[in-house]
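Chemist: Quick one: this structure, given as structure tokens, is what I'll be asking you about.
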């Protein structure tokens, strides 16, 4: 009996938390407009202490930093931010102005501290150079991903 | 040769062992196994950065919505008794960015004796502070329903000594423990080094046992701090090496090191880009109350998107 009750409780816990983690689905545009919750995630960037925000990326001129950051992104971040970093229902786009205009120091600070209340984990378990490589990758993203062709507006022959 | 008889009676009071349930159990197990497999195929594997510690915990939790499956083995030597091989299966789920929940199923084989299922544990870790601080505390709360034959040595507490493990399984499994275990996990990562300290207090709810105490400390570091630009299996950054030490501190009424056991264990984890992690740890007993040698190894795989898959199954996310 105890085993059965425990199993049911565990399944219920998993279901409730899973539903909490997922925002109701909506098609994500190429340059995703942040959902309601995402605004506060971007707002976290502004909370970086001035000293942290002013830090320079020590790997700024490292020729491999962007490629290594891209690899790290696909391993650790793409699941939530999407394969192209354009965002998903779980996490915001990294092409957003708020992200691209943030200083490398502010991005590094956010990676280090996460936004735990909003579901972004703390990434200080990645060594500092790897977090800077991620910052290099994020800052290397173009202002916006190439827009997807809108098939509905394509003139018919 | 006489036919082999399987013992179906549960060693736990209140656990199912009736004939009716014995016949329905394979069906239930099959359904549960099938469901798990389907969910795992839906969920995506992702490379994790698993800590190398076996006993010590750092302050990093499972990523939200991810499920980590792990099998772990411990081979232990036993003076005045039979050596043993204890094992556990672990299901670790990131419920939120501040809460990780885990279920363990434990068992052991004592050589020249028998193989027994020894119980389960339900463990929860809660991150207490939202951001990174000089020291990061995490609260750990666990409920265990295990038999006296449990030998996984996931933690060492109170006056646990090697002689406790020499009892034959048939006798040891008659002892049923319902235990609450709490830990304060303190951890800090600096310049690539992780330093972690855990303080443990556990109470057996069956009988009038007092709070038993224990500790674990560990330090670890990746072999390289920068990631290479190429995807690779043998890159230094995929390896995390370290050392941990753990042991008992007596109980509430007899605090101290007398009649306690302690271990020192180098640890190494290999995080493969193919989403698997291997961990290895040879452990050495530090006094006569400890097993002389423990060899521990584990293999795990992390699946991201498991939460979303479950949510879809129950109609969420539509």
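Residue numbers (this note's numbering), protein chains in the order written: chain A, 1 to 157; chain B, 158 to 475. For each residue, glycine too, the CB sits at the ideal point set by N, CA and C. A quick note: this is a predicted structure, and the numbers were derived from the prediction, not measured.
Just how far apart, CA to CA, sit residue 266 (chain B) and residue 418 (chain B)?
Modeler: Reading the second chain from its first residue, position 109 is the one you call residue 266 (chain B). Reading the second chain from its first residue, position 261 is the one you call residue 418 (chain B). Taking the straight line from one Cα to the other gives about 22 Å.
Chemist: DSSP has residue 379 (chain B) in a bridge; who is on the other side?
Modeler: For the purposes of this step, residue 379 (chain B) is taken as residue 222 along the second chain, with counting starting at 1. B:397, per the DSSP bridge assignment.
Chemist: Would you say residue 122 (chain A) faces chain B, with C-beta separation under 8 Å as the test?
Modeler: Walking along the first chain from the start, residue 122 (chain A) turns up at place 122. Output row for residue 122 (chain A): interface = yes.
Chemist: Output the distance between the C-alpha atoms of residue 333 (chain B) and residue 366 (chain B), rounded to the nearest integer angstrom.
Modeler: One-based indexing of the second chain puts residue 333 (chain B) at position 176. One-based indexing of the second chain puts residue 366 (chain B) at position 209. The straight-line gap from Cα to Cα measures roughly 13 Å.
Chemist: Is the distance from the Cβ of residue 258 (chain B) to the Cβ of residue 221 (chain B) below 8 Å?
Modeler: Numbered from 1 along the second chain, position 101 holds the residue referred to as residue 258 (chain B). Numbered from 1 along the second chain, position 64 holds the residue referred to as residue 221 (chain B). The answer is no: Cβ separation not under 8 Å.
Chemist: Leaving out five residues before and five after residue 398 (chain B) in sequence, what residues of the same chain have Cβ atoms less than 6 Å from its Cβ?
Modeler: Against the second chain, residue 398 (chain B) aligns to sequence position 241. Cβ neighbours of residue 398 (chain B) beyond the five flanking positions: 425.
Chemist: Closer than 7 Å by beta-carbon distance: list the chain B residues that pair up with residue 116 (chain A), in chain order.
Modeler: If you number the first chain from 1, residue 116 (chain A) lands on position 116. 254, 255, 284, 287, listed in chain order.
Chemist: Leaving out five residues before and five after residue 115 (chain A) in sequence, what residues of the same chain have Cβ atoms less than 7 Å from its Cβ?
Modeler: Within the first chain, numbered from 1, the residue matching residue 115 (chain A) stands at position 115. 41, 44.
Chemist: Would residue 387 (chain B) be called buried (16 or more neighbouring beta carbons within 10 Å of its own) or exposed?
Modeler: In the second chain, residue 387 (chain B) corresponds to position 230, counting from 1. So residue 387 (chain B) counts as exposed.
Chemist: Along chain A, which residues have their Cβ under 9 Å away from the Cβ of residue 431 (chain B)?
Modeler: Sequence index remark: in the second chain, residue 431 (chain B) carries index 274 (1-based). Those do not exist, as residue 431 (chain B) stays about 11 Å from chain A at its closest Cβ, beyond 9 Å.
Chemist: In terms of residue numbering, what span does the alpha helix (DSSP H) encompassing residue 50 (chain A) cover?
Modeler: The sequence position of residue 50 (chain A) within the first chain is 50, counting from 1. Start and end: 50-53.
Chemist: Please state whether the Cβ-Cβ distance between residue 371 (chain B) and residue 353 (chain B) is less than 8 Å.
Modeler: For this step, residue 371 (chain B) is matched to residue 214 along the second chain. For this step, residue 353 (chain B) is matched to residue 196 along the second chain. Their beta carbons are not under 8 Å apart, which means residue 371 (chain B) does not touch residue 353 (chain B) by this criterion.
Chemist: Within 10 Å of its beta-carbon, does residue 420 (chain B) have 16 or more other beta-carbons around it, so buried, or fewer, so exposed?
Modeler: The residue you call residue 420 (chain B) lines up with position 263 of the second chain. The residue is buried, with at least 16 neighbouring Cβ atoms inside 10 Å.
Chemist: What residues from the region 381-397 of chain B come within 8 Å of chain A, judged by C-beta to C-beta, listed N to C?
Modeler: So the list reads 382, 383, 384, 385, 386, 387, 388, 394, given in the order they occur along the chain.
Chemist: Report back the beta-carbon spacing between residue 283 (chain B) and residue 256 (chain B) to the nearest angstrom; my notes put them in contact at under 8 Å.
Modeler: Residue numbering aside, residue 283 (chain B) sits at position 126 when the second chain is read from its first letter. Residue numbering aside, residue 256 (chain B) sits at position 99 when the second chain is read from its first letter. Indeed they touch by this definition, with Cβ atoms about 6 Å apart.
Chemist: May I have the straight-line CA-CA distance separating residue 369 (chain B) from residue 409 (chain B), to the nearest angstrom?
Modeler: Against the second chain, residue 369 (chain B) aligns to sequence position 212. Against the second chain, residue 409 (chain B) aligns to sequence position 252. For residue 369 (chain B) and residue 409 (chain B), the distance between alpha carbons rounds to 6 Å.
Chemist: Please name the residues in the region 460-472 of chain B whose beta-carbon is closer than 7 Å to at least one beta-carbon of chain A, in chain order.
Modeler: Residues 461, 462, 464, 465, 467, 468, 471.
Chemist: Which runs of the alpha helix (DSSP H) spanning at least 4 residues fall entirely within the region 248-286 of chain B, listed in chain order?
Modeler: Listed in chain order, there is nothing to give.
Chemist: Who does residue 302 (chain B) pair with in a DSSP beta bridge?
Modeler: Here the question's residue 302 (chain B) lines up with position 145 in the second chain. DSSP output for residue 302 (chain B) lists B:277, B:335 as bridge partner(s).
Chemist: So with CB distances below 7 Å, who are the chain B contacts of residue 125 (chain A)?
Modeler: Indexing the first chain from 1 puts residue 125 (chain A) at position 125. Residues of chain B passing the Cβ test: 206, 217, 346.
Chemist: Could you tell me which residues DSSP puts in a beta bridge with residue 345 (chain B)?
Modeler: The residue you call residue 345 (chain B) lines up with position 188 of the second chain. Answer is B:352, bridged to residue 345 (chain B).
Chemist: Any beta carbon of chain B sitting closer than 8 Å to that of residue 52 (chain A)?
Modeler: By 1-based counting over the first chain, the position of residue 52 (chain A) is 52. It does not: the Cβ of residue 52 (chain A) has no partner Cβ on chain B nearer than 8 Å.
Chemist: Are residue 447 (chain B) and residue 312 (chain B) touching if we call contact CB-CB under 8 Å?
Modeler: Residue 447 (chain B) sits at position 290 when you count from the first residue of the second chain. Residue 312 (chain B) sits at position 155 when you count from the first residue of the second chain. No, these two residues do not count as a Cβ contact at 8 Å.
Chemist: Thinking just about the alpha-carbon of each residue, which of A:103, A:70, A:89, A:131 is nearest to the one in residue 54 (chain A)?
Modeler: Residue numbering aside, residue 54 (chain A) sits at position 54 when the first chain is read from its first letter. Selected option, being the one with the closest Cα: A:103.
Chemist: Tell whether a beta-carbon distance below 8 Å holds between residue 458 (chain B) and residue 226 (chain B).
Modeler: The residue labelled residue 458 (chain B) in the question sits at position 301 within the second chain. The residue labelled residue 226 (chain B) in the question sits at position 69 within the second chain. Yes.
Chemist: For residue 190 (chain A), does the count of other Cβ atoms within 10 angstroms reach 16, so buried, or fall short, so exposed?
Modeler: There is simply no residue 190 (chain A) to check, as chain A begins at 1 and stops at 157 in what is shown.
Chemist: Just how far apart, CA to CA, sit residue 414 (chain B) and residue 405 (chain B)?
Modeler: Mapped onto the second chain, residue 414 (chain B) falls at position 257. Mapped onto the second chain, residue 405 (chain B) falls at position 248. Computed Cα separation, rounded: 7 Å.
Chemist: Does DSSP put residue 59 (chain A) in a helix, a strand or coil?
Modeler: Numbered from 1 along the first chain, position 59 holds the residue referred to as residue 59 (chain A). Of the three classes helix, strand and coil, the one that applies to residue 59 (chain A) here is coil, per DSSP.
Chemist: What do you get for residue 61 (chain A), buried or exposed, if any count of 16 or more other CB atoms within 10 angstroms of its CB means buried?
Modeler: Taking the first chain and counting its residues from 1, the one referred to as residue 61 (chain A) is at position 61. Residue 61 (chain A) comes out exposed.
Chemist: Please state the DSSP three-state secondary structure of residue 294 (chain B).
Modeler: As a working note, residue 294 (chain B) is residue 137 in the second chain. The answer is strand: DSSP assigns residue 294 (chain B) an E or B state.
Chemist: Got a sec? Which residues, its chain only, sit under 7 Å from residue 286 (chain B) by beta carbon, not counting five neighbours each side?
Modeler: Walking along the second chain from the start, residue 286 (chain B) turns up at place 129. The residues are 293, 294.
Chemist: Considering residue 424 (chain B), what are the terminal residues of the beta strand (DSSP E) in which it resides?
Modeler: Your numbering for residue 424 (chain B) matches position 267 in the second chain. Note, residue 424 (chain B): beta strand (DSSP E), 419-428.
Chemist: Counting pairs of beta carbons, one from the region 459-470 of chain B and one from the region 234-243 of chain B, are three or more of them closer than 8 Å?
Modeler: In short, these stretches do not touch, since the Cβ pair count stays below three.
Chemist: Beta-carbon of residue 209 (chain B) versus every beta-carbon of chain A: anything under 8 Å?
Modeler: The sequence position of residue 209 (chain B) within the second chain is 52, counting from 1. Judged by the 8 Å Cβ criterion, residue 209 (chain B) is not in contact with chain A.
Chemist: If you measure from the beta carbon of residue 242 (chain B) to each beta carbon in chain A, is any gap under 8 Å?
Modeler: The residue given as residue 242 (chain B) occupies position 85 in the second chain. For residue 242 (chain B), the answer is no, since every Cβ of chain A falls outside 8 Å of its Cβ.
Chemist: Run down chain B in chain order and give the residues with a C-beta less than 8 Å from the C-beta of residue 68 (chain A).
Modeler: Reading the first chain from its first residue, position 68 is the one you call residue 68 (chain A). Within 8 Å Cβ-Cβ: 383, 384, 385, 386.
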